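J.: Got a structure here, written out as structure tokens. Questions coming.
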């Protein structure tokens, strides 16, 4: 078991590769920063492609794009193994109506943006088509 504090989520990829190279079945949890507060700090400057003039919106949306990129990199490392990814956010963020630059969670009367979170399951091709590892969903 490892706990690694990183600036960017992609810095977890070497630890993932190390775990994948060990023999045996695995259950790996990657708790990522994603688009948590201070979203401008969640991705390298080279990954910042959106520039609409609203810095805070751009930072948040660039952080979402970077999370998508990170999940894609995890999937690439699993694509030839009988593996799956379960992704979900631990909470949503809602924009503070009084302060344009503040996204928050944990308020007393949260909006649905604070608790309706994205979730998906991805299966590699070997996991989908192997009778030993296939999972019936539905």
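Numbering (my numbering), first residue to last: 52 to 189. Backbone N, C-alpha and C fix where the C-beta goes; we use that ideal spot for every residue, glycine too. Remember, it's a predicted structure, so these values are computed and weren't measured experimentally.
Taking only the alpha-carbon atoms, compute the straight-line gap between residue 136 and residue 72 and give it to the nearest angstrom.
T.: In the chain shown, the residue the question calls residue 136 occupies position 85. In the chain shown, the residue the question calls residue 72 occupies position 21. Spanning the two alpha carbons is a distance of roughly 17 Å.
J.: Note the first and the last residue of the continuous beta strand (DSSP E) segment covering residue 138.
T.: Working through the chain shown from its first residue, we reach residue 138 at position 87. Here the beta strand (DSSP E) through residue 138 covers 135 to 139.
J.: Note down the Cα distance separating residue 176 from residue 69, rounded to an integer number of angstroms.
T.: Residue numbering aside, residue 176 sits at position 125 when the chain shown is read from its first letter. Residue numbering aside, residue 69 sits at position 18 when the chain shown is read from its first letter. When rounded, the distance between both Cα atoms is 22 Å.
J.: Tell me the residue span of the beta strand (DSSP E) that contains residue 174.
T.: Numbered from 1 along the chain shown, position 123 holds the residue referred to as residue 174. Where residue 174 is concerned, the enclosing beta strand (DSSP E) stretches over 170 to 174.
J.: Mapping DSSP to helix, strand and coil, what is residue 88?
T.: Numbered from its first residue, the chain shown carries residue 88 at position 37. DSSP places residue 88 in coil when its eight states are reduced to three.
J.: Could you check where the alpha helix (DSSP H) with residue 121 kicks off and where it finishes?
T.: By one-based count along the chain shown, residue 121 stands at place 70. Start and end: 106 to 129.
J.: Would you tell me roughly how many angstroms separate the C-alpha atoms of residue 74 and residue 139, rounded to the nearest one?
T.: The count along the chain shown starts at 1 and reaches residue 74 at position 23. The count along the chain shown starts at 1 and reaches residue 139 at position 88. Rounded to the nearest angstrom, the two C-alpha atoms are 27 Å apart.
J.: Touch check for the segment 90 to 98 and the segment 156 to 176: three-plus C-beta pairs under 8 Å?
T.: Segments in contact, no.
J.: Please state whether the Cβ-Cβ distance between residue 94 and residue 59 is less than 9 Å.
T.: As a first step, residue 94 is located in the chain shown; it is residue number 43 there, counting from the start. As a first step, residue 59 is located in the chain shown; it is residue number 8 there, counting from the start. Yes, they are a contact pair.
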